[in-house]
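Those protein sequences? They're chains P and W, same order as listed.
The first sequence: position 23 = 123 (our numbering), numbered continuously.
The second sequence: position 320 = 420 (our numbering), numbered continuously.
Virtual Cβ for every residue (Gly too), placed ideally from N, Cα, C.
Bear in mind the structure is a predicted one, so any value in this text is a computation, not a measurement.
Number of protein chains: 2
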Amino acid sequence: MQYIENAAGRIVPTQVNGRETLPYQGVGKFLPQGRKAAPPIRSCAQYAPDGNKVAPSLIEALRRAGLRDGMTISSHHHFRDGDLLMSQVFASAKVLGVRDLVWYPTAVFPCHAPLLAYLDAGTIHHVEGSLHAAFGRYASLGKMRGAAVLRSHGSRYRSIQDGDTRIDIAIIAAPAADAFGNCSGVGGRAACGPLGFALADSQYADHVIAVTDTLVPFPCVPWHIQGNYVDQVVVVDQVGDPAKIVSGTTQITKSPDQLLIAESAAQFVRDAGIMRQGFSFQAGAGGISLAFTIFLGAMMRATNTKARFIRGGSVRPLVELLNEGLTDYILDGQSFDLDGVRSLRDHPAHIATSPFTSYSYHGKGNFASLLDCIVLGATEVDVDFNANVVTHSDGYLLHGIGGWQDGLFARCTILTLPTFRDRIPVIRERVTTLCGPGELIDVIVTERGIAINPRRQDLLDALSGSKLPVRSIHDLKAEVEAICGGAPQSARVGDQTIGVVTWVDGTIIDSIKRVA
Amino acid sequence: MQYIENAAGRIVPTQVNGRETLPYQGVGKFLPQGRKAAPPIRSCAQYAPDGNKVAPSLIEALRRAGLRDGMTISSHHHFRDGDLLMSQVFASAKVLGVRDLVWYPTAVFPCHAPLLAYLDAGTIHHVEGSLHAAFGRYASLGKMRGAAVLRSHGSRYRSIQDGDTRIDIAIIAAPAADAFGNCSGVGGRAACGPLGFALADSQYADHVIAVTDTLVPFPCVPWHIQGNYVDQVVVVDQVGDPAKIVSGTTQITKSPDQLLIAESAAQFVRDAGIMRQGFSFQAGAGGISLAFTIFLGAMMRATNTKARFIRGGSVRPLVELLNEGLTDYILDGQSFDLDGVRSLRDHPAHIATSPFTSYSYHGKGNFASLLDCIVLGATEVDVDFNANVVTHSDGYLLHGIGGWQDGLFARCTILTLPTFRDRIPVIRERVTTLCGPGELIDVIVTERGIAINPRRQDLLDALSGSKLPVRSIHDLKAEVEAICGGAPQSARVGDQTIGVVTWVDGTIIDSIKRVA
Numbered sequence: 101m102q103y104i105e106n107a108a109g110r111i112v113p114t115q116v117n118g119r120e121t122l123p124y125q126g127v128g129k130f131l132p133q134g135r136k137a138a139p140p141i142r143s144c145a146q147y148a149p150d151g152n153k154v155a156p157s158l159i160e161a162l163r164r165a166g167l168r169d170g171m172t173i174s175s176h177h178h179f180r181d182g183d184l185l186m187s188q189v190f191a192s193a194k195v196l197g198v199r200d201l202v203w204y205p206t207a208v209f210p211c212h213a214p215l216l217a218y219l220d221a222g223t224i225h226h227v228e229g230s231l232h233a234a235f236g237r238y239a240s241l242g243k244m245r246g247a248a249v250l251r252s253h254g255s256r257y258r259s260i261q262d263g264d265t266r267i268d269i270a271i272i273a274a275p276a277a278d279a280f281g282n283c284s285g286v287g288g289r290a291a292c293g294p295l296g297f298a299l300a301d302s303q304y305a306d307h308v309i310a311v312t313d314t315l316v317p318f319p320c321v322p323w324h325i326q327g328n329y330v331d332q333v334v335v336v337d338q339v340g341d342p343a344k345i346v347s348g349t350t351q352i353t354k355s356p357d358q359l360l361i362a363e364s365a366a367q368f369v370r371d372a373g374i375m376r377q378g379f380s381f382q383a384g385a386g387g388i389s390l391a392f393t394i395f396l397g398a399m400m401r402a403t404n405t406k407a408r409f410i411r412g413g414s415v416r417p418l419v420e421l422l423n424e425g426l427t428d429y430i431l432d433g434q435s436f437d438l439d440g441v442r443s444l445r446d447h448p449a450h451i452a453t454s455p456f457t458s459y460s461y462h463g464k465g466n467f468a469s470l471l472d473c474i475v476l477g478a479t480e481v482d483v484d485f486n487a488n489v490v491t492h493s494d495g496y497l498l499h500g501i502g503g504w505q506d507g508l509f510a511r512c513t514i515l516t517l518p519t520f521r522d523r524i525p526v527i528r529e530r531v532t533t534l535c536g537p538g539e540l541i542d543v544i545v546t547e548r549g550i551a552i553n554p555r556r557q558d559l560l561d562a563l564s565g566s567k568l569p570v571r572s573i574h575d576l577k578a579e580v581e582a583i584c585g586g587a588p589q590s591a592r593v594g595d596q597t598i599g600v601v602t603w604v605d606g607t608i609i610d611s612i613k614r615v616a
Numbered sequence: 101m102q103y104i105e106n107a108a109g110r111i112v113p114t115q116v117n118g119r120e121t122l123p124y125q126g127v128g129k130f131l132p133q134g135r136k137a138a139p140p141i142r143s144c145a146q147y148a149p150d151g152n153k154v155a156p157s158l159i160e161a162l163r164r165a166g167l168r169d170g171m172t173i174s175s176h177h178h179f180r181d182g183d184l185l186m187s188q189v190f191a192s193a194k195v196l197g198v199r200d201l202v203w204y205p206t207a208v209f210p211c212h213a214p215l216l217a218y219l220d221a222g223t224i225h226h227v228e229g230s231l232h233a234a235f236g237r238y239a240s241l242g243k244m245r246g247a248a249v250l251r252s253h254g255s256r257y258r259s260i261q262d263g264d265t266r267i268d269i270a271i272i273a274a275p276a277a278d279a280f281g282n283c284s285g286v287g288g289r290a291a292c293g294p295l296g297f298a299l300a301d302s303q304y305a306d307h308v309i310a311v312t313d314t315l316v317p318f319p320c321v322p323w324h325i326q327g328n329y330v331d332q333v334v335v336v337d338q339v340g341d342p343a344k345i346v347s348g349t350t351q352i353t354k355s356p357d358q359l360l361i362a363e364s365a366a367q368f369v370r371d372a373g374i375m376r377q378g379f380s381f382q383a384g385a386g387g388i389s390l391a392f393t394i395f396l397g398a399m400m401r402a403t404n405t406k407a408r409f410i411r412g413g414s415v416r417p418l419v420e421l422l423n424e425g426l427t428d429y430i431l432d433g434q435s436f437d438l439d440g441v442r443s444l445r446d447h448p449a450h451i452a453t454s455p456f457t458s459y460s461y462h463g464k465g466n467f468a469s470l471l472d473c474i475v476l477g478a479t480e481v482d483v484d485f486n487a488n489v490v491t492h493s494d495g496y497l498l499h500g501i502g503g504w505q506d507g508l509f510a511r512c513t514i515l516t517l518p519t520f521r522d523r524i525p526v527i528r529e530r531v532t533t534l535c536g537p538g539e540l541i542d543v544i545v546t547e548r549g550i551a552i553n554p555r556r557q558d559l560l561d562a563l564s565g566s567k568l569p570v571r572s573i574h575d576l577k578a579e580v581e582a583i584c585g586g587a588p589q590s591a592r593v594g595d596q597t598i599g600v601v602t603w604v605d606g607t608i609i610d611s612i613k614r615v616a
């Protein structure tokens with residue numbers, strides 16, 4: 101494997117899983133010259149005129165799809181930790197005696213841990229996607245044959261669109277579908293919200309199989325995935341466990357530090373003048389992000405400040421803002437709780453989005469850069485405001501990358517994080533793994549104060565009259581190191597590259613090493 | 101120009117407008133082997149981060165798009181006879197001194213007649229699309245430099261998708277849009293309904309310009325056209341004349357013959373057992389089709405028979421059926437009146453469709469073949485149930501082809517037409533121009549009786565107990581010829597090919613000759 105130093109000073113391979121790659125060149129520096137991927141042309145003459153694409157079983161559908169050694173099988177994570185489908189897919193593949201598959205998910209969850217057995221057994225060659233928890237640890241220990249390729253949600257769409265990744269068979273888990281293959285995320289027993297993460301797969305894969313436990317008469321609407329892209333439909337007993345797909349209620353964190361960070365971030369958004377009539381924001385469903393939304397919502401109510409749109413991951417507090425008229429729209433990439441799912445189904449201003457509309461960097465713009473602010477987490481930041489979101493300071497790859505990189509393009513990107521975890525400072529001289537370049541990260545909010553990127557003099561000026569504890573990142577770092585007994589050690593890793601982090605444009609921004 | 105006899109016995113050219121073409125091979129016989137068109141990859145780095153794509157003027161937008169001699173400019177017909185945009189586009193092109201453009205519209209209307217001056221002047225080389233009225237006459241007289249290429253709505257989508265046609269600049273007229281380029285057909289002063297006819301153009305053109313007179317703050321929803329496909333946005337004083345885009349009220353025909361035909365067609369649908377719980381149908385907005393919908397609706401009410409879905413062209417009578425609960429859904433490709441537009445905007449079961457979902461033959465199925473029946477018109481039929489919808493018996497090309505060919509794939513295709521027009525019988529030994537193969541046409545309903553295709557013994561059996569005047573097509577032909585004084589003459593045409601009719605799969609089903 102050959103290596104090269106990229107524009108961020110990181111050493112990255114020039115080839116990943118047998119494919120030539122380009123080193124990261126800086127934000128907005130790499131301009132694509134090529135043309136989009138061109139999937140095969142099909143004809144109605146090859147499909148039943150009555151629109152019935154139902155195959156008798158999952159294994160038969162895979163056989164008809166021509167499943168064979170080495171193919172790339174994609175899936176999506178709309179069912180989150182309640183996914184019951186991919187274990188059936190790989191069990192079927194094993195029964196068919198197929199080996200060395202590449203699994204190309206949008207994310208993996210703890211429920212997928214048993215699938216590691218298929219990597220051990222050789223059914224799966226490697227997982228090309230964001231890894232998490234058990235899968236990340238497996239890769240970090242050098243047990244996976246291929247490299248993990250971490251792509252953001254937008255970059256995964258881009259990769260498929262650009263032809264960097266070719267999907268042989270896409271598996272689309274659908275809460276409800278009709279026999280023609282139209283899939284809805286708001287019907288059925290496992291309603292999960294938008295299905296946008298499967299959009300690129302449906303558009304570009306050679307073969308598309310929709311799997312549902314709720315077959316409805318044509319037309320299944322809203323068709324979040326269009327049946328005209330679908331080859332086969334499979335009906336199974338259960339596609340997902342509703343209790344683990346969405347939570348019935350979203351609970352706010354009880355951690356005093358997390359609440360303090362969330363409230364500070366909301367105050368920052370208010371005091372910096374970002375919270376104004378017609379503004380927009382995005383926050384996730386994690387503990388701090390959810391609390392941020394609740395704090396900011398209260399400030400919006402108190403001042404009758406109305407947003408033009410809020411980007412979900414939708415959760416109950418967002419739905420409440422919509423219902424109270426405090427935002428015109430929710431633009432929603434995924435629904436994290438039942439209120440989100442119901443609102444998407446019933447409220448005409450709760451709109452499903454996709455990684456194409458929201459995140460893909462190789463489009464004619466995307467929604468991410470239209471946001472006034474975004475609140476994200478991180479595992480580490482450094483004094484240049486670079487951030488890490490996938491590895492811990494010990495080098496283990498433990499988190500997926502989600503839409504994190506895509507979101508950095510908001511007008512004001514705020515990272516919320518505690519200053520240390522397990523007694524290890526997370527404000528460092530240099531992040532263990534570079535996921536986001538500091539030039540895109542504007543504010544870091546911790547329980548010990550707020551650091552504003554010196555590039556953002558406008559924000560520093562706006563906060564000059566605020567009571568918020570604005571401090572330099574070097575001050576914060578020094579304070580935490582004093583508490584924790586010095587700067588954190590570097591991760592103890594070897595030379596073997598077990599994964600790479602791609603930038604939103606497909607270039608390689610950093611590599612991840614095997615933990616020693 | 102070389103010619104070949106196709107599977108329907110028609111002599112067709114092997115090259116059209118400089119491009120190799122294939123002869124028609126029969127229904128479902130040609131299977132495409134290639135891959136879809138691959139438009140250029142763009143990057144967010146090439147677009148303003150704030151999402152503002154507004155250009156100062158139409159002419160400046162065309163300049164920035166790199167408009168130059170010989171380019172293909174596409175447009176769509178959502179504004180129907182109220183389009184105010186394309187004259188501005190070609191006037192701008194003329195000012196810029198650009199020549200020999202190919203205009204690739206989804207349809208032309210009488211309002212476009214003044215644009216013939218741009219063909220005379222050389223600004224436009226030829227119109228590659230369905231012609232109508234003045235444009236058809238112009239072509240029929242041999243005045244157009246290139247050949248008219250008549251593609252159905254589905255085939256136009258297919259042609260762009262398959263790369264048969266490459267669009268340099270797509271012009272999308274939008275009743276409402278935001279600065280990012282999201283376009284809605286149900287907002288603004290010129291609300292027209294769905295914008296699906298522009299879908300392929302947005303997805304595949306090298307450059308996409310959205311033009312609106314109603315700029316709204318982001319997000320413009322529903323985004324019938326997604327801004328992520330749009331390069332520039334232009335704001336003009338007026339994009340369309342609302343009075344000519346949609347009619348405020350849809351009036352039923354007063355012609356006794358047309359009413360008789362419409363009622364007979366509805367009775368046929370009832371007596372043949374097609375009108376049953378959960379059925380589906382499509383009829384257009386023409387005189388007979390509209391009356392058919394009203395007659396059939398009355399029968400549905402009388403028997404409380406509920407459709408699963410009705411395909412629009414939406415019109416008030418369809419909207420009434422939806423509101424009365426007599427259909428679960430309207431699947432709507434275009435709205436012909438204001439009731440249709442409002443219903444699409446406000447009723448969650450009134451769903452916008454596109455030529456991709458409904459009509460493209462090179463998809464994984466489409467909606468057309470899922471319909472229980474469709475009612476269409478024709479200019480001529482022949483004793484083999486072949487039909488013509490574009491030329492008159494004098495050989496003049498006077499009608500666009502619309503979604504007519506695509507619709508033929510319904511389970512029961514009914515053509516409604518009078519037996520003669522201007523004293524010329526329209527039931528012939530052989531149609532002047534072949535648009536639809538007889539094997540797809542099941543029933544012909546006239547004011548003198550109903551002819552059922554002998555291939556459909558099931559329909560003949562179903563009608564055996566009916567009082568409807570079922571007759572052989574030969575009987576009908578003989579009767580009309582006796583009235584009109586003999587069989588109609590053949591059109592007096594020369595050898596020069598002025599246009600071709602493509603089949604839904606892109607093969608050439610017939611050619612159209614210059615009128616002598």
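- Within chain P, no residue has its CB atom less than 7 Å from the CB of D181 of chain W, the nearest being about 30 Å off.
- Interface residue (Cβ-Cβ distance to chain P less than 8 Å): T121 of chain W is not classified as such.
- When Cβ-Cβ separations below 8 Å define contact, D472 of chain W makes no contact with chain P.
- Comparing alpha carbon positions, the residue from W:S240, W:P275, W:A191 and W:T314 closest to T533 of chain W is W:S240.
- By the Cβ-count criterion, M186 of chain W is buried, with 16 or more other Cβ atoms from all chains shown falling within 10 Å of its own Cβ.
- Close to V321 of chain W, with beta-carbon spacing below 8 Å, are these residues of chain P in chain order: Y429, A449 and I451.
- The C-alpha of M375 of chain P is placed about 46 Å away from the C-alpha of G463 of chain W.
- In this structure, DSSP gives L515 of chain W an extended state, which the three-state scheme calls strand.
- At a cut-off of 8 Å between beta-carbon atoms, Q326 of chain W makes contact with chain P.
- When secondary structure is reduced to three states using DSSP, L497 of chain W falls in the strand class.
- Annotation: W504 of chain W is outside any beta strand (DSSP E); the continuous alpha helix (DSSP H) that includes it extends over W504 to G507.
- Beta-bridge annotation (DSSP): N488 of chain W is paired with W:E480.
- Within 10 angstroms of the beta-carbon of R370 of chain P lie 16 or more other beta-carbons, which makes it buried.
- For the options W:R445, W:G242, W:A616 and W:D181, the alpha carbon positioned closest to that of D341 of chain W is the one of W:D181.
- With three or more CB-CB distances shorter than 8 Å, the stretch 124–137 of chain P counts as touching the stretch 589–609 of chain P.
- Per DSSP, reduced to three states, the secondary structure at P113 of chain W is strand.
- For a cut-off of 8 Å, the C-beta gap from S175 of chain W to P205 of chain W is around 5 Å, short enough to register as a contact.
- Interface flag for F379 of chain W against chain P is unset, since no Cβ pair is found closer than 8 Å.
- Contact between D183 of chain P and F209 of chain P holds: their C-beta atoms lie close to 7 Å from each other, under 8 Å.
- G287 of chain P is positioned such that its CB atom lies no closer than 8 Å to that of V330 of chain P.
- Of all residues in the stretch 603–616 of chain W, those with a C-beta nearer than 9 Å to a C-beta of chain P are V604 and D605, reading in chain order.
- Taking 9 Å as the cut-off between beta carbons, the residues of the stretch 488–513 of chain W near chain P are F509 and R511, in sequence order.
- Secondary structure at I267 of chain W: coil, using DSSP grouped into helix, strand and coil.
- Judged by their CB atoms, A247 of chain W and V339 of chain W are not nearer to each other than the 8 Å cut-off.
- Shown here, F179 of chain P sits in coil according to DSSP, grouped into three states, outside any helix or strand.
- A Cβ-Cβ separation of about 6 Å places I352 of chain P in contact with L390 of chain P under the 8 Å criterion.
- Within a 10 Å sphere around the beta-carbon of S564 of chain W sit fewer than 16 other beta-carbons, which makes this residue exposed.
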